[in-house]
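Written below as structure tokens is the structure these notes are about.
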């Protein structure tokens, strides 16, 4: 059985993925994804996550870009980019989620939705971000 947290992450990834194709339609995409959610607390969390990532997208993208070695951000696949945005957001802004949990969840989502080597790629980038960008308090969880 898939955990509520995994469902949350997969739904947010879906929103982020679609907004890469239609960046001017964020609210509509978010509404389309969340209208199918029956649980109010899950719906609220998806909305909160997606809105926070969207509002901090430039900063998050800059952090990701600075940790890509021999890669241009625009060359990263849409699904990997969405997962990296979600993972970076969780590492930096969601203080109650342990670093290892975020890394493991993003790797699993990348394996499920990405290419054969997406899990390794996502792990490599997010591990660097975790070591250099994550607030010190988070390392103590």
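Residue numbers (the working numbering): 8 to 148. Think of the CB as a built atom: it goes at the ideal place given N, C-alpha and C, for glycine as much as any other residue. All of these numbers come straight from a predicted model, not from anything done at the bench.
Euclidean distance between Cα positions of residue i and residue j
i: residue 66; j: residue 24; result: 18 Å
i: residue 53; j: residue 77; result: 33 Å
i: residue 141; j: residue 94; result: 11 Å
i: residue 10; j: residue 68; result: 27 Å
i: residue 56; j: residue 50; result: 10 Å
i: residue 70; j: residue 100; result: 13 Å
i: residue 58; j: residue 26; result: 12 Å
Buried or exposed by the 16-neighbour rule on C-beta atoms within 10 Å, applied to residue i
i: residue 126; result: buried
i: residue 12; result: exposed
i: residue 74; result: buried
i: residue 62; result: exposed
i: residue 107; result: exposed
Presumed contact (8 Å Cβ cut-off) between residue i and residue j, rounded CB distance
i: residue 91; j: residue 37; result: So it is not a contact: roughly 19 Å between Cβ atoms.
i: residue 188; j: residue 96; result: This structure does not reach residue 188, given that the chain is present from 8 up to 148, and the question cannot be answered.
Original post:
So, do the segment 111-121 and the segment 16-28 have three or more beta carbon pairs nearer to each other than 8 Å?
Top reply: yes
Original post:
Are there three or more Cβ pairs, one per stretch, closer than 8 Å when the segment 39-49 is compared with the segment 81-89?
Top reply: Not touching, per the Cβ criterion.
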